[in-house]
Amino acid sequence: MEVLISNRQEQFAIDLDYIKAVAEEIMRFEASPESAELSLVFCDDDFIQKLNRDYRGKNQPTDVLSFPMEEEQFESEIRMLGDIVISTETAARQADSLKHPVLLELVFLLIHGLLHLHGYEHSSKIPRKKMREREVTIFRHLCEKKMLSCIEGEEPAPIIKRAIAAD
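The sequence shown: position 103 = 103 (this note's numbering), numbered continuously.
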């Protein structure tokens with residue numbers, strides 16, 4: 001598996017090695033092929049707003065966009081899952097609002113984006129419920145792998161609360 005990361009923002013220092021390791025673990029957990037390749041872009045609100053306008057007709061920034069690769073386009077040994085674009089500015093505002101670290105918000109958005117690349121949607125109640133449940137399952141898996149700090153006493157960690165808050 002290969003994760004290609006482009007950092008097109010300067011507002012936040014991001015531990016790209018950690019993010020890459022988390023992305024690879026999620027890809028393994030979601031049974032991505034060993035030959036899978038993912039492109040991950042961290043950007044500012046201006047950059048993601050342009051993409052959101054051009055591809056979704058919404059002229060406003062958003063937190064994360066996923067662009068699945070059309071499999072039929074290329075005959076190759078490498079399976080390109082697609083691109084995930086994350087606005088660190090929007091992620092920071094959301095993290096502040098939910099009172100947890102920006103890095104945890106970035107992990108949530110990475111999970112969310114990868115699930116879209118694996119076919120999950122949240123356009124209606126039932127698919128949204130399945131996607132939220134899968135997000136929590138992945139958070140817990142990352143906890144078991146010691147990639148996230150998860151359970152504090154009986155309370156779910158902020159990142160699990162984040163998945164629930166997304167509804």
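The C-beta atom is built at its ideal place from N, Cα and C for all residues, glycine as well. Everything numeric in this text was worked out from a predicted model, so none of it was measured.
1) Gln60: buried (16+ other C-beta within 10 angstroms of its C-beta) or exposed?
2) Pop quiz: Met147 and Glu24 are said to be a contact at Cβ under 8 Å. What is the actual Cβ separation, rounded to whole angstroms?
3) Can at least three beta-carbon pairs, one atom from the region 43-51 and one from the region 128-135, be found at a separation below 8 Å?
4) Taking just the CA atoms, how far does Ser32 sit from Asp15?
5) In this structure, does DSSP put Gly153 in helix, strand or coil?
6) Locate the beta strand (DSSP E) running through Asp175, then write down its first and last residues.
7) What does the alpha-carbon distance come out to for the pair Ser39 and Val107?
8) Taking only the alpha-carbon atoms, compute the straight-line gap between Thr137 and Ser123 and give it to the nearest angstrom.
With the given structure in hand:
1) By the neighbour-count rule (16 or more Cβ atoms within 10 Å), Gln60 is not buried but exposed.
2) Rounded, the Cβ-Cβ distance is 10 Å, inconsistent with contact.
3) Per the Cβ contact rule, the region 43-51 is not in contact with the region 128-135 (fewer than 3 Cβ pairs under 8 Å).
4) Linking Asp15 to Ser32 through their CA atoms gives a straight-line distance of about 23 Å.
5) With a pLDDT of 40 at Gly153, under the threshold of 50, the modelled position of this residue cannot be trusted; read the value that follows with caution. Reduced to three states, the DSSP call for Gly153 is coil.
6) Because the chain in this structure spans residues 1 to 167, residue 175 falls outside the shown range and cannot be described.
7) Each residue's alpha carbon lies about 15 Å from the other.
8) Going by the C-alpha atoms only, they are around 20 Å apart.
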